[in-house]
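Asks: Chains as they are written, first to last, in my numbering: chain A, 49 to 450; chain B, 49 to 450.
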């Protein structure tokens, strides 16, 4: 049977790709994101699916009349800086392709099916992840969201206005939420679990608890040449000690701790910095471990700060508890699709936000040969993507034809 | 006797000052720098001094006809990011004020006196320090200078064209150089040597050898949550180890080693970086010590890179050998101005560039109560600045009335 997957995939691929790095820069509400949204509308229109943008900027394409008990699938179109092509878009391309598969087979669902593209999942621009699904479910208030700022100082409120979205109306949307009977998100695996198991598709068990913490190191700007070592209050030293403490803190734990982002002020070659800010991304199999890891890193930072005479302040910017997906839904899906293996994940997803909000939710993972993600090198073989599409089609048929 | 110092100082103070930090952002050829240059022309004009801009963008204000054996004084107007008010401008304000002092006293110099403002001393924008004086003396070629790029990707050639400077004409300027009989630069001290000696003004003996090295750490971008610690190639870890190695390398040495500037790619909270670039500023009392310190840091970086599976490349971006100021000139000046104390400095200056080029050169330092420099907190007491002006006036009179 012909699949529409390749045509869908190819049409989305050029949008928002950086020519130098080969990575994607599809940040929320930028030109690249708007072009992805236009692509979504075009794909829906060419399939006769009605599109609506909800109050929070999430896009919905409907097969059947929008209404209760809908079977919803989808993911997100935005990316991290220089991200890969698969994280997010694979779930949306597979969703449209799965609908094509069902129609080719003459399936007539008794429940409405919707494809959703959630806004700003990665949080690359405004610093908070899953903004679209968190607003929808009320886990992020409209008030806090409006005040978020990007690196150029623009608020989300201003940005939404420019994009034609009424920022006064953002926030928990019970109408949109109440229509979702089930949510299934297909996603490229961000690890090598399926490689080790030699299987193309798997089903998620849970999402590790995870969060982001901002570490502000405050020293004193001074001349890099003339200032004696003992006279320095150099926050770069304290930052460096903390980066290494994060590596030590996860040794022997089922946890991750990463400093991937840093800002230095004034960031001049011949000036000791006045301030360094680093962001810690931490995750663990359970909340006790996560809390212990973050506490260890905070204590190491404070101790280094004391000996360096550098101020250290740690601010929690987000915290997501462990998310267990619906066990009955999960096991039913695994049985349906060739007894697919069950895997946990350390990555956050819109599916996790919906599960936390009480929506029966499941996730499918497609094999990633290297495990690399959030990188231009992120990849999945086309045969595995087609297996994912077929699995998703089977799940949608099973859920929507009851 | 009235001094014009305060009026000169106050008129320059607001230009290029950041309202939030209180620091200066007078980067070469920006609006702030152009405004400083306009200020220089205004001050010269109000004193009846002819102004010329040489082929390399350095400004000269002449008391008497431009010609051989001129007694030249001055410094620079540009700043590091969020720099202080004194580093550079104090030397130019004091030069104009010293001319006012001499005129009030009715001094009639037999040799021409010039005030010079060298372009782009700090190198904050294009990454190379002392661009104006290095071009003048041929220590930086026009070809290399034209290709320098700022953070926004603009070349110095493009920037000079916009500023009305013919970039094809930059490079060694024997005509301008041959006129300089003696050069005396007054500068705020960037340390507490004069505080410890309880003296307002000192004379420089030498400038420590110093340089800048770029450390490129190359790893692999990946997901901060899902990538196992052992699967990571995280260049932030190697950078952090190298920052701490720099601190260790100067322990017990008469040396400085600082990482004040870092760029991270892609710099996302939930992405392991693909690359980190850090810049090392290193200085030492002698070249053997400097070379040893840089070699130690390079070796530590390579060792960390090997265990982190991160590529490390070290590139020397600039290197300045030890600079001894003219001993006869130095000792004569010290005797003249109340037996001022002699001090070495770890900071580079245009005076060092001219001394290296064979120009008889001296430097005066004005006391800095905290020693802080390259920071908004940089300061000198007005009484000490007036003592510096008087000392400079005495030196100019002695040199120009022979």
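All residues carry an ideal CB built from backbone N, CA and C; glycine is no exception.
Bear in mind that the values here come from a model prediction, so they are computed numbers and not experimental data.
Run through chain B and tell me which residues come within less than 9 angstroms of residue 112(A), C-beta to C-beta.
Replies: The residue labelled residue 112(A) in the question sits at position 64 within the first chain. Those within 9 angstroms of residue 112(A) in chain B number zero; the least Cβ separation is about 35 angstroms.
Asks: Keeping to the same chain, check which residues put their C-beta closer than 7 angstroms to that of residue 332(B); ignore five residues upstream and five downstream.
Replies: Taking the first residue of the second chain as 1, we reach residue 332(B) at position 284. 256, 257, 301, 302, 303, 338 and 341.
Asks: Can you say whether residue 276(B) is buried or exposed, counting buried as having 16 or more other CB atoms within 10 angstroms of its CB?
Replies: For the purposes of this step, residue 276(B) is taken as residue 228 along the second chain, with counting starting at 1. Classification for residue 276(B): exposed.
Asks: Starting from residue 327(B), find everything on chain A with Cβ-Cβ shorter than 8 angstroms and list it in chain order.
Replies: Indexing the second chain from 1 puts residue 327(B) at position 279. Correct list: 317.
Asks: Looking only at DSSP bridge pairs, what is residue 366(A) linked to?
Replies: The residue given as residue 366(A) occupies position 318 in the first chain. In DSSP, residue 366(A) forms a bridge with 260(A).
Asks: Just reading off the alpha helix (DSSP H) that residue 245(B) is part of, what are its end residues?
Replies: Your numbering for residue 245(B) matches position 197 in the second chain. Its alpha helix (DSSP H) spans residues 241 to 245.
Asks: Cα separation between residue 52(A) and residue 148(A)?
Replies: Locating residue 52(A) in the first chain gives position 4, counting from the first residue. Locating residue 148(A) in the first chain gives position 100, counting from the first residue. Between residue 52(A) and residue 148(A), the C-alpha separation is close to 7 angstroms.
Asks: Which one or two residues does DSSP pair with residue 179(A) in a beta bridge?
Replies: In the first chain, residue 179(A) corresponds to position 131, counting from 1. Partner(s): none; residue 179(A) has no beta bridge.
Asks: What residues of chain A sit near residue 238(B), judged by a beta carbon separation below 9 angstroms?
Replies: Along the second chain, read from residue 1 onward, the residue named residue 238(B) stands at position 190. Correct list: 270, 271, 273, 274 and 275.
Asks: Applying the criterion that 16 or more other CB atoms from any shown protein chain within 10 Å of the CB defines a buried residue, is residue 278(A) buried or exposed?
Replies: Here residue 278(A) corresponds to residue number 230 of the first chain, with the count starting at 1. Classification of residue 278(A): exposed, given that the 10 Å Cβ count is below 16.
Asks: Under 8 angstroms, CB to CB, which of the residues in the segment 253 to 264 of chain A have a partner in chain B?
Replies: Those residues of the segment 253 to 264 of chain A that come within reach of chain B (Cβ to Cβ, closer than 8 angstroms) are 256, 258 and 260.
Asks: Can you tell me whether residue 91(A) is buried or exposed, with buried defined as 16 or more other CB within 10 angstroms of its CB?
Replies: If you number the first chain from 1, residue 91(A) lands on position 43. Buried, since its Cβ has 16 or more Cβ neighbours within 10 Å.
Asks: Is the distance from the Cβ of residue 124(A) to the Cβ of residue 132(A) below 7 angstroms?
Replies: The sequence position of residue 124(A) within the first chain is 76, counting from 1. The sequence position of residue 132(A) within the first chain is 84, counting from 1. No, these two residues do not count as a Cβ contact at 7 angstroms.
Asks: Residue ranges of each alpha helix (DSSP H) run of no fewer than 4 residues wholly in the segment 351 to 404 of chain B, ordered along the chain?
Replies: Correct list: 375 to 384 and 398 to 404.
Asks: Run through chain B and tell me which residues come within less than 7 angstroms of residue 307(A), C-beta to C-beta.
Replies: As a position in the first chain, residue 307(A) is number 259, starting the count at 1. Near residue 307(A) (Cβ distances below 7 angstroms), the residues of chain B are 284.
Asks: With distances taken between CB atoms, is the gap from residue 411(B) to residue 233(B) smaller than 7 angstroms?
Replies: Within the second chain, the letter at position 363 stands for residue 411(B). Within the second chain, the letter at position 185 stands for residue 233(B). A contact, by the Cβ cut-off of 7 angstroms.
Asks: Tell me which same chain residues have a C-beta within less than 6 angstroms of the C-beta of residue 143(A), skipping the five on either side of it?
Replies: On the first chain, residue 143(A) is found 95 positions in, with the first residue counted as 1. If we look at residue 143(A) and ignore the five residues flanking it on each side, its Cβ neighbours are 121, 122 and 163.
Asks: Distance cutoff 7 angstroms, beta carbons only. Does residue 397(A) sit that close to anything in chain B?
Replies: The residue labelled residue 397(A) in the question sits at position 349 within the first chain. So, not an interface residue.
Asks: Kindly indicate which residue of 320(A), 310(A) and 335(A) has the alpha-carbon position closest to the one of residue 326(A).
Replies: For the purposes of this step, residue 326(A) is identified with residue 278 of the first chain, where counting begins at 1. Ranking 320(A), 310(A) and 335(A) by Cα distance to residue 326(A) puts 310(A) first.
Asks: Using the C-alpha atoms, what's the distance from residue 324(A) back to residue 243(B)?
Replies: Locating residue 243(B) in the second chain gives position 195, where the first residue counts as 1. Locating residue 324(A) in the first chain gives position 276, where the first residue counts as 1. If I take the Cα positions, the gap works out to 30 angstroms.
Asks: Buried or exposed for residue 238(B), going by 16 or more other Cβ atoms inside 10 Å?
Replies: As a working note, residue 238(B) is residue 190 in the second chain. Under this definition residue 238(B) is a buried residue.
Asks: Helix, strand or coil: which one does DSSP assign to residue 49(A)?
Replies: Counted from its first residue, the first chain places residue 49(A) at position 1. The predicted position of residue 49(A) is uncertain, since its pLDDT is 45 and thus under 50; a value taken from the coordinates is nonetheless stated next. Coil at residue 49(A), not helix or strand.
Asks: Would the beta-carbon of residue 85(A) be found less than 6 angstroms away from any heavy atom of the ligand MG?
Replies: Annotation note on the ligand MG: not contained in the displayed structure, which lists no ligands.
Asks: Buried or exposed, going by whether 16 or more other CB atoms sit within 10 Å of the CB of residue 397(A)?
Replies: Within the first chain, the letter at position 349 stands for residue 397(A). Buried, since its Cβ has 16 or more Cβ neighbours within 10 Å.
Asks: Closer than 9 angstroms by beta-carbon distance: list the chain A residues that pair up with residue 401(B), in chain order.
Replies: Numbered from 1 along the second chain, position 353 holds the residue referred to as residue 401(B). Ordered by position in chain A, no residue passes the 9 angstroms Cβ test against residue 401(B), which lies about 15 angstroms from the chain.
Asks: Pull up the CB-CB distance for residue 194(A) and residue 205(A), whole angstroms please, since I reckon it's below 8 angstroms.
Replies: Taking the first chain and counting its residues from 1, the one referred to as residue 194(A) is at position 146. Taking the first chain and counting its residues from 1, the one referred to as residue 205(A) is at position 157. Confirmed, about 4 angstroms.
Asks: Need the endpoints of the beta strand (DSSP E) that residue 254(B) sits in, please.
Replies: Here residue 254(B) is taken as the residue at index 206 of the second chain, counted from 1. Residues 249 to 255.
Asks: For residue 417(A), which residues in chain B fall below 9 angstroms Cβ to Cβ?
Replies: Within the first chain, residue 417(A) is the residue found at index 369, counting from 1. By Cβ distance, chain B contributes nothing, its closest Cβ being about 13 angstroms from residue 417(A), past 9 angstroms.
Asks: Output needed for residue 423(B): all residues of its chain with C-beta closer than 8 angstroms, excluding positions within five of it in sequence on either side, in chain order.
Replies: The sequence position of residue 423(B) within the second chain is 375, counting from 1. Correct list, in chain order: 71, 130, 131 and 132.
Asks: Can you tell me whether residue 215(B) is buried or exposed, with buried defined as 16 or more other CB within 10 angstroms of its CB?
Replies: Sequence index remark: in the second chain, residue 215(B) carries index 167 (1-based). Counting Cβ neighbours within 10 Å, residue 215(B) comes out buried, since at least 16 surround it.
Asks: In whole angstroms, what separates the C-alpha of residue 49(B) from that of residue 416(B)?
Replies: Here residue 49(B) refers to the residue found at position 1 of the second chain. Here residue 416(B) refers to the residue found at position 368 of the second chain. Since pLDDT at residue 49(B) reaches only 45, below the 50 mark, its modelled position is unreliable, and the value read off the structure follows with that caveat. Computed Cα separation, rounded: 24 angstroms.
Asks: Taking 8 angstroms as the cut-off, does the segment 289 to 297 of chain B touch the segment 245 to 256 of chain B (at least 3 CB pairs, one atom from each stretch)?
Replies: Segments in contact, no.
Asks: Taking only beta carbons into account, state which residues of the segment 403 to 437 of chain B come closer than 8 angstroms to chain A, listed in chain order.
Replies: The segment 403 to 437 of chain B vs chain A, Cβ under 8 angstroms: 419, 420, 421, 422, 423, 424 and 425.
Asks: Measure the C-alpha to C-alpha separation of residue 196(A) and residue 103(A) and round it to an integer number of angstroms.
Replies: Position 148 of the first chain, counting from 1, holds the residue named residue 196(A). Position 55 of the first chain, counting from 1, holds the residue named residue 103(A). When rounded, the distance between both Cα atoms is 17 angstroms.
Asks: Using only CA atoms, which one of 240(B), 218(B), 229(B) and 360(B) lies nearest to residue 290(B)?
Replies: The residue labelled residue 290(B) in the question sits at position 242 within the second chain. Nearest C-alpha to residue 290(B): 360(B).
Asks: In this structure, does DSSP put residue 299(A) in helix, strand or coil?
Replies: Numbered from 1 along the first chain, position 251 holds the residue referred to as residue 299(A). Coil.
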